[in-house]
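Notes follow once the structure below has been shown.
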Amino acid sequence: MSHGNFECSAPKVTKLNVTLLPNGSEQACFTKFKYCRDSKELIPFEAPKKPYNIRKRNSPISASLGYSESTFEAPKHPLAAKKVVPQNPRNFSVNDVQFIAQYEELVELIKELNKQKEIAVDVEHNDKNSFLGTTCLIQISTRSKDYVIDALNLWDHIHLLNEPFKNPAILKVFHAPKHDMEWLNRDFGLEVDNLFDTQKAMAELPGQFQGMGLKCLIETLCSISLNKEHQTSDWTLRPLSDEMMDYAARDTHYLLFCFDELRNRLVENGKLEETSDWTLRPLSDEMLDYAARDTHYLLFCFDELRNRLVENGKLEDVLKGSDRIATIRYQPQSPYGSLQFEDGCGWESLYTPRPADFIEQARDEFAREVDEGEEHLFPKKFLNKIGPVVQENGGNGVDLTFYSVVYDRMEDKEVRRFLKEKSGVPEEFWHQGLRLDRAVYEGYFFYEVEGNLVPKRGPKEENDDEEEDGGCNDEEEEPTPSMFSGFAESCFV
Numbered sequence: 001m002s003h004g005n006f007e008c009s010a011p012k013v014t015k016l017n018v019t020l021l022p023n024g025s026e027q028a029c030f031t032k033f034k035y036c037r038d039s040k041e042l043i044p045f046e047a048p049k050k051p052y053n054i055r056k057r058n059s060p061i062s063a064s065l066g067y068s069e070s071t072f073e074a075p076k077h078p079l080a081a082k083k084v085v086p087q088n089p090r091n092f093s094v095n096d097v098q099f100i101a102q103y104e105e106l107v108e109l110i111k112e113l114n115k116q117k118e119i120a121v122d123v124e125h126n127d128k129n130s131f132l133g134t135t136c137l138i139q140i141s142t143r144s145k146d147y148v149i150d151a152l153n154l155w156d157h158i159h160l161l162n163e164p165f166k167n168p169a170i171l172k173v174f175h176a177p178k179h180d181m182e183w184l185n186r187d188f189g190l191e192v193d194n195l196f197d198t199q200k201a202m203a204e205l206p207g208q209f210q211g212m213g214l215k216c217l218i219e220t221l222c223s224i225s226l227n228k229e230h231q232t233s234d235w236t237l238r239p240l241s242d243e244m245m246d247y248a249a250r251d252t253h254y255l256l257f258c259f260d261e262l263r264n265r266l267v268e269n270g271k272l273e274e275t276s277d278w279t280l281r282p283l284s285d286e287m288l289d290y291a292a293r294d295t296h297y298l299l300f301c302f303d304e305l306r307n308r309l310v311e312n313g314k315l316e317d318v319l320k321g322s323d324r325i326a327t328i329r330y331q332p333q334s335p336y337g338s339l340q341f342e343d344g345c346g347w348e349s350l351y352t353p354r355p356a357d358f359i360e361q362a363r364d365e366f367a368r369e370v371d372e373g374e375e376h377l378f379p380k381k382f383l384n385k386i387g388p389v390v391q392e393n394g395g396n397g398v399d400l401t402f403y404s405v406v407y408d409r410m411e412d413k414e415v416r417r418f419l420k421e422k423s424g425v426p427e428e429f430w431h432q433g434l435r436l437d438r439a440v441y442e443g444y445f446f447y448e449v450e451g452n453l454v455p456k457r458g459p460k461e462e463n464d465d466e467e468e469d470g471g472c473n474d475e476e477e478e479p480t481p482s483m484f485s486g487f488a489e490s491c492f493v
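Heads up: the sequence shown runs through residues 1 to 493, numbered per this note's numbering.
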């Protein structure tokens, strides 16, 4: 039986109505539909029932960022500042990947992980049709075996992974794990002690890599090109195809070899320790093949990266940065984001209200009500297009209608034509923007000021708004010092 019912194949339309009155009152109302191609009409959208034991999680209550204390007294796995001989990865075959979907299998896996000195870990996540998002797969590779864990089927038991994850005697190798730390902590209460971030290691080796993503890391150190076609797939689908299993397992399969290579380069540059600590302390068979590949190569890459870090004397720098990342804990979303400072105050104390904040608050409330990801419901880029309209017309009567349309695969002009014909508003009064992400997001809006329709800026408007946006990507680029200045920079010291 095939699951994967987080997604809906029909084009989905979110309608936003904004009303501003001269007396200063303001209102924003969201409604959601799906477009029926047969009857050519908008019908109310109902989110499909979530599979397995996944429950609706959309509480508006925020919490402080937590600091956990490890209960393990085992000595931390030593990462001496000396070169190692990288262990070449095994030849990858999706048939060798073990899919963990039963409780008994998970228990046996944990016993095996407890015997390891290093493991490579990755996560596949789905953030559509769920306000918080959902961890779907956890990929783990040892030096001899690749595993893909069905987090949906084992939802109530994944917390057992805390045994190896919090054991400081086992080094956990991740690539760009900031979001992984949040997701694993949010969904299962998992915490990681003794983490090595391969992206942090790459950042300490300037000029040695063309990019900061996992694909670039494995291509550089392993001469193997990963197919990232399934990066935005619906990971709630069951059974996984061979292609998806292959994709998921390969990411970790090479990572330990890359770690070895990076470690060697960091040691040579005296940068090993600095890259360890970016968070709070303590410390269908085709789909199966796709999913397993994410971790399959991760141990190999770990070896290669460790050697390069040793060569460059930068191993200690990487370890410090990775330790900071391992302390990241999930914090429920608030209108100000999740960042909290050490004194307990967050962005709230520094926040300056914006003209269109009431729209963003309405989006937050509606997204929680329908249990939908905010960006999937109504992209932030579209909200940013409304802000100037509100700011420029303060004190006037304004009526604005905005349609956000999301397609699964490609742009569909049929929906665009339908919306414009249904409204009866001439083409010259439609403002629009296009955002490309894991699906295609289109935005169209028109508005009246004191009862008069406002025309778009001109033919250049559409071209200015079209862009390809990477969206949520677990291979986010390493922030550079230039991104922080003034007060914000001092908060991260």
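Just so it is clear, CB atoms sit at the ideal spot from N, CA and C, and this is done for glycine as well. Values in this document were obtained by computation on a predicted structure and should not be read as measured data.
When the options are compared against residue i, the one with the closest alpha-carbon
{"i": "Leu434", "options": "Thr198, Glu372 and Tyr407", "result": "Tyr407"}
{"i": "His175", "options": "Val370, Leu255 and Leu419", "result": "Leu255"}
{"i": "Pro383", "options": "Ala362, Val398 and Ala169", "result": "According to the sequence as given, residue 383 is Leu; it is not Pro. Among Ala362, Val398 and Ala169, the Cα nearest to that of Leu383 is on Ala362."}
{"i": "Ser93", "options": "Val449, Phe196, Asp146 and Leu226", "result": "Asp146"}
{"i": "Asp150", "options": "Leu161, Asp156 and Leu137", "result": "Leu137"}
{"i": "Ala81", "options": "Val440, Asp357 and Gly270", "result": "Gly270"}
{"i": "Arg308", "options": "Pro44, Ser241 and Gly207", "result": "Gly207"}
{"i": "Glu163", "options": "Leu205, Leu109 and Glu124", "result": "Leu109"}
{"i": "Phe402", "options": "Glu392, Gly394 and Lys380", "result": "Lys380"}
{"i": "Gln102", "options": "Leu79, Val84, Asn91 and Val148", "result": "Val148"}
{"i": "Gly394", "options": "Ala249, Asn452, Lys111 and Glu26", "result": "Glu26"}
{"i": "Ala356", "options": "Ala28, Lys12 and Ile100", "result": "Ala28"}
{"i": "His230", "options": "Leu262, Leu240 and Ser223", "result": "Leu240"}
{"i": "Tyr330", "options": "Arg354, Val107, Asp187 and Leu79", "result": "Asp187"}
{"i": "Gly24", "options": "Pro168, Phe358 and Ser404", "result": "Phe358"}
{"i": "Ile100", "options": "His157, Ser223, Thr327 and Lys413", "result": "His157"}
{"i": "Val370", "options": "Leu16, Ala10 and Phe45", "result": "Phe45"}
{"i": "Lys385", "options": "Pro11, Leu16 and Lys12", "result": "Leu16"}
{"i": "Lys32", "options": "Phe300, Ala367 and Trp155", "result": "Ala367"}
{"i": "Pro11", "options": "Ser404, Val425 and Glu421", "result": "Ser404"}
{"i": "Thr134", "options": "Leu226, Glu112, Lys413 and Asn185", "result": "Asn185"}
{"i": "Val507", "options": "Glu365, Asp364, Arg250 and Leu400", "result": "Any property of residue 507 remains undetermined from this structure, which presents the chain solely from 1 to 493."}
{"i": "Met509", "options": "Lys166, Leu419 and Asn95", "result": "A query on residue 509 cannot be resolved here, the shown segment of the chain reaching from 1 to 493 and no further."}
{"i": "Ala248", "options": "Asp260, Lys413 and Leu226", "result": "Leu226"}
Bridge partner(s) assigned by DSSP for residue i
{"i": "Thr247", "result": "Residue identity check: residue 247 is Tyr in the sequence provided, not Thr. In DSSP, Tyr247 forms no bridge with anything."}
{"i": "Asp234", "result": "According to DSSP, which records beta bridges pairwise, Asp234 is partnered with nothing at all."}
{"i": "His431", "result": "Phe445"}
{"i": "Asn126", "result": "Thr134"}
{"i": "Pro44", "result": "Phe33"}
{"i": "Lys228", "result": "Lys228 is not bridged to any residue."}
{"i": "Ile149", "result": "Ile100 and Ile138"}
{"i": "Asn17", "result": "Cys29 and Thr401"}
{"i": "His253", "result": "Leu298"}
{"i": "Glu261", "result": "Arg306 and Asn307"}
{"i": "Glu118", "result": "Leu171"}
{"i": "Asn452", "result": "Val449"}
{"i": "Lys12", "result": "Lys34 and Val406"}
{"i": "Leu195", "result": "Lys172"}
{"i": "Ser93", "result": "In the DSSP output, where bridge partners are listed per residue, Ser93 has none listed."}
Presumed contact (8 Å Cβ cut-off) between residue i and residue j, rounded CB distance
{"i": "Val267", "j": "Leu315", "result": "4 Å"}
{"i": "Pro22", "j": "Gly397", "result": "6 Å"}
{"i": "Phe209", "j": "Thr220", "result": "6 Å"}
{"i": "Glu442", "j": "Arg416", "result": "7 Å"}
{"i": "Phe30", "j": "Thr14", "result": "6 Å"}
{"i": "Val440", "j": "Asn264", "result": "At roughly 44 Å, the Cβ-Cβ gap does not stay under 8 Å, so Val440 and Asn264 are not in contact."}
{"i": "His253", "j": "Pro455", "result": "The Cβ separation is near 56 Å, so there is no contact."}
{"i": "Cys258", "j": "Phe302", "result": "5 Å"}
{"i": "Leu79", "j": "Leu171", "result": "7 Å"}
{"i": "Leu106", "j": "Leu160", "result": "6 Å"}
{"i": "Lys178", "j": "Ile325", "result": "6 Å"}
{"i": "Val123", "j": "Asp38", "result": "Not quite, the Cβ-Cβ distance comes to about 38 Å (not below 8 Å), so this is no contact."}
Near the ligand MG: residue i beta-carbon under 7 Å from a heavy atom
{"i": "Asp303", "result": "Judged by which ligands are present, the structure shown has none, so any question about the ligand MG falls away."}
Query raised in the report: Touching or not, the stretch 129-137 and the stretch 370-378, by the rule of three or more beta carbon pairs under 8 Å?
Result: yes
Query raised in the report: Would you call the stretch 139-149 and the stretch 112-121 in contact, with 3 or more CB pairs under 8 Å?
Result: yes
**Report entry** beta strand (DSSP E) runs contained entirely in the stretch 387-415, provided each spans 3 or more residues
**Finding:** 398-407
Query - Segment contact, 8 Å Cβ cut-off, at least three pairs: the stretch 422-431 with the stretch 440-455 - result: yes
Query raised in the report: Counting pairs of Cβ atoms below 8 Å between the stretch 219-234 and the stretch 316-326, do you hit three or more?
Result: no
Query raised in the report: Is the stretch 178-196 in contact with the stretch 210-217, if contact means three or more CB pairs nearer than 8 Å?
Result: no
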